[in-house]
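Notes follow the structure.
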Amino acid sequence: MALITVNGVVLPTPSDYQVGIQDLSKSERNANGTLIMELIATKRKIELGWSALTQSEMSQILKSVKGGFFTVTYFDPEIGGNKTGTFYAGDRQSPILMFKNGVPTYKDLKFNIIER
Amino acid sequence: MYNTTQKFKDAIYAPTRTVKGRVTFDITDTSVLSDTVTTTVTSEFAVSNKSQLTDKVRANSFNIATLENDRFKLDGSFNFADDTLANNKITGWCSNVLCDSASAFSTSQTLSFVFGSLHSSAGITVTFDTTNSEYATDFDVSAFDGSNNLIYSTSIIGNTDVLKQIYGQFLNYKRIDVVIKKWNVPYRRARVSEVDFGIVKVYTDDNLISLNLVDETDLFTTNIPSPELKFTVDNSDRAFNILNPSGFYKFLQQRQTVVAELGVDVGGSIEYVPLGNYLLWEWRSDEGSLTATLTSRTNLDLMNSYSYSNLVAKSSYSLYQMAVDMFTICGITNYSIDIALQSILTNALVEQASCRDILQMIAIAGCANIFVTRDNKITLKVVPSITATADTITLNEMYNEAQVELQKTTRAVNVTYFTNLTTSAVVTANSSYATGDTLNLENNTLINNSTQANNVASWILNRCNYRAEYTMNWRGNPSHEMFDAISFQNSYSQDMNAYVTRTELNYEGYLSAKTVARGIV
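Protein chains in written order, with the numbering used here: chain B, 291 to 406; chain S, 7 to 527.
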């Protein structure tokens, strides 16, 4: 079972994987001063990181999350199994660890994907 | 107050709640609705009504048990069919033959619709078995012109939707065929609840940006405001852009149907309350954003388009009958008139006016109020004094304590009555206040004698007692209707009782509301 799949393509297993659970809500205090909450939706924000990547792995990851929204199947800690949703990606940066004989090796690729 | 379950009543005022909005927008050529349509089918089961395929009702009244696999469960989820077909109410169409083990029909089941004239639409929408979430996986849709020549055809393979939109430029057709070849469950009859000759879009939280409903009435019936529903939808696909050749814009028409609902999560499922059926009035794609905003109003506005006059006095003619006649002229069938108006007679003399204005005159002459209920019924009701309240709004539901404004006192009311269009007299009713406004009701020619004029004057004076206008910003409850008597808490004294006279519901993923109510000081 893959940890994370984007648009049907299995990504290299990330070294850093954190699933954040965000309750989107409108909260306000009532006339008695008690907080009341209008729960709109619960969304996932997944922090991803890879400590070392080859050029082909880096390309595969970056291509899979470009262009707006994409479908992600991921391991969800709340249900203890795979879950699928539509996500978009935050900013990506690609630091190079070394560039030897014209071949780059990358380190510490980190970005997050946020559920639509 | 719209009837809801106890679960809904608990959930709507829970400290944490989830509210969902849903708007069903029927982008159908409105001329189709008034055209004659002849429906023929390949086969029809005993408990089936093919005439309901085009009745604009997409849900069956009962889940009727039949001798098909898993369709005769004795767990309370099915109903026995009544021998009288009409007693089964909405059944939709059901084929007489079953599909085979591979879910295929040996003889394809064809629904054919022939119109009296030519029509065009952005597509066709087929609603299958909504009760059990079953559908045709493979089916064809074909359109034919006035000479029965095929002008458009498409095959749907592998469908998984109960409500399926088939997009296409269906232009100038006179006949539509839906040919069902395969079902999603083996050994099943084909079932279709509705075929819409246009695109039926259901907007939920995935594509509904906001929804705003303003519902209003008048304590004195000095005007009869029509509820207005405005909703904004995701237009990132540019379907509502005017220059998009494959969009909906050219198929949008005034009076297309909009059905809005707000629901609350009652423990895993959503219980919806209808906000009414509306008619599309205005639309625009919002400049600089990826949204489109559509405004819709009710049948009450439609009554402005029809006028009426009567210059010959009628006898033994009640205000009730006159209201029925006004609705009939406007083609409105969903109404409710208080039977108290049956005993109030009028000579029905009126000069040329819109049916809406005449309905207002009828209501005032009958000491009644006009509003539209949640199930879209235009209602003339003699509203009784508040004896019991339908709901209580506590400080827990309000963002701020209700603002109270006192209206001026009324000293007297003058009501003019007319024995004919040119002969009139005035009666006066005085209040207990020595100072204050004097109200005049002058042009209602449906009030024809001093007794009725006195009744109207007393009714207006009684209404003037509801001087306290309460305005609340609060969480909102979509089941509240106009003239519901509600009780609301304040920090000074006992709960105050008042009639709801204005509700503004705002939905943007969550619900908030502004309610105006009138009560006795």
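The beta-carbon is built from N, C-alpha and C at its ideal position, and this holds for glycine as well.
N-terminal and C-terminal residue of the alpha helix (DSSP H) that residue i is part of
| i | result |
| --- | --- |
| valine 330(S) | 325-336 |
| asparagine 305(S) | 305-308 |
| serine 346(B) | 345-354 |
| threonine 521(S) | Not the alpha helix (DSSP H): threonine 521(S) falls in the beta strand (DSSP E), residues 517-525. |
| glutamine 366(S) | 361-371 |
| serine 40(S) | 36-40 |
| isoleucine 18(S) | 12-18 |
8 Å Cβ cutoff, residue i in contact with chain S
| i | result |
| --- | --- |
| isoleucine 326(B) | yes |
| alanine 292(B) | no |
| lysine 316(B) | yes |
| leucine 329(B) | yes |
| alanine 418(B) | Because chain B is modelled from 291 through 406, residue 418(B) falls outside the range shown and cannot be assessed. |
Residue i at chain B interface by Cβ criterion, 8 Å
| i | result |
| --- | --- |
| tyrosine 516(S) | yes |
| proline 141(S) | One detail in the question is off: residue 141(S) reads as tyrosine in this sequence, not proline. No, because no Cβ of chain B sits closer than 8 Å to the Cβ of tyrosine 141(S). |
| proline 484(S) | no |
| asparagine 241(S) | no |
| glutamate 267(S) | no |
| tyrosine 209(S) | no |
| arginine 244(S) | no |
| tyrosine 284(S) | no |
| glutamate 407(S) | yes |
| threonine 24(S) | yes |
| glutamate 448(S) | no |
| methionine 502(S) | no |
| arginine 28(S) | no |
| leucine 452(S) | no |
Backbone CA spacing between residue i and residue j [nearest angstrom]
| i | j | result |
| --- | --- | --- |
| glutamine 495(S) | proline 192(S) | 58 Å |
| methionine 404(S) | alanine 491(S) | 17 Å |
| arginine 197(S) | aspartate 135(S) | 6 Å |
| threonine 344(B) | arginine 194(S) | 55 Å |
| asparagine 483(S) | asparagine 468(S) | 28 Å |
| glutamine 327(S) | valine 318(S) | 16 Å |
| proline 21(S) | proline 385(B) | 47 Å |
| serine 313(S) | isoleucine 364(S) | 9 Å |
| asparagine 503(S) | glutamate 514(S) | 30 Å |
| leucine 258(S) | tyrosine 209(S) | 16 Å |
Reference residue i, options the options, closest by Cα
| i | options | result |
| --- | --- | --- |
| valine 356(S) | Tyr341(S), Cys336(S), Asp344(S) and Met332(S) | Met332(S) |
| lysine 207(S) | Thr228(S), Phe246(S) and Met309(S) | Phe246(S) |
| serine 232(S) | Ala319(S), Asp307(S) and Asn154(S) | Asp307(S) |
| methionine 309(S) | Ser360(S), Asp221(S) and Phe237(S) | Ser360(S) |
| isoleucine 350(S) | Leu401(S), Cys336(S), Ala329(S) and Arg362(S) | Ala329(S) |
| glutamate 234(S) | Arg508(S), Gly122(S) and Ile276(S) | Arg508(S) |
| serine 216(S) | Lys15(S), Thr299(S) and Thr428(S) | Thr299(S) |
| alanine 226(S) | Gly129(S), Cys470(S) and Ala17(S) | Per the sequence shown, residue 226(S) should be read as phenylalanine rather than alanine. Comparing Cα-Cα distances from phenylalanine 226(S) to each of Gly129(S), Cys470(S) and Ala17(S), the minimum goes to Cys470(S). |
| aspartate 183(S) | Glu411(S), Val47(S) and Thr22(S) | Val47(S) |
| threonine 444(S) | Asp363(S), Val433(S), Gly337(S) and Val506(S) | Val433(S) |
| leucine 214(S) | Thr398(S), Ala20(S), Asn69(S) and Phe31(S) | Phe31(S) |
| glutamine 262(S) | Ile18(S), Glu288(S), Asn402(S) and His125(S) | Glu288(S) |
| serine 315(S) | Met367(S), Met478(S), Val419(S) and Ala17(S) | Met367(S) |
| threonine 385(S) | Ala435(S), Val29(S) and Thr223(S) | Thr223(S) |
Beta strand (DSSP E) segment containing residue i, residue limits
| i | result |
| --- | --- |
| asparagine 468(S) | Per DSSP, asparagine 468(S) belongs to no beta strand (DSSP E); it is in the alpha helix (DSSP H), 456-470. |
| valine 309(B) | 306-319 |
| aspartate 6(S) | Given a span of 7 to 527 for chain S in the structure shown, any question on residue 6(S) remains unanswerable. |
| asparagine 426(S) | 416-426 |
| glycine 282(S) | 276-291 |
| glycine 375(B) | 371-379 |
| proline 394(B) | 393-405 |
| phenylalanine 121(S) | 110-133 |
| asparagine 213(S) | Segment: none, asparagine 213(S) is in no beta strand (DSSP E) and carries neither H nor E. |
| alanine 491(S) | 491-494 |
| asparagine 436(S) | 429-436 |
Contact check, residue i vs residue j, beta carbons under 8 Å
| i | j | result |
| --- | --- | --- |
| valine 132(S) | valine 201(S) | yes |
| tyrosine 423(S) | asparagine 454(S) | yes |
| threonine 44(S) | valine 147(S) | no |
| phenylalanine 86(S) | alanine 110(S) | no |
| glutamate 318(B) | isoleucine 326(B) | yes |
| leucine 452(S) | alanine 354(S) | yes |
| lysine 400(B) | glycine 339(B) | yes |
| glycine 98(S) | leucine 73(S) | no |
| leucine 268(S) | glycine 27(S) | yes |
| serine 139(S) | valine 168(S) | yes |
| serine 354(B) | valine 296(B) | yes |
| serine 518(S) | threonine 10(S) | no |
| isoleucine 205(S) | glycine 253(S) | no |
Closer than 8 Å at the beta carbon, the chain C residues around residue i
| i | result |
| --- | --- |
| glutamate 357(S) | Chain labels in this structure do not include chain C; the protein chains are B and S. |
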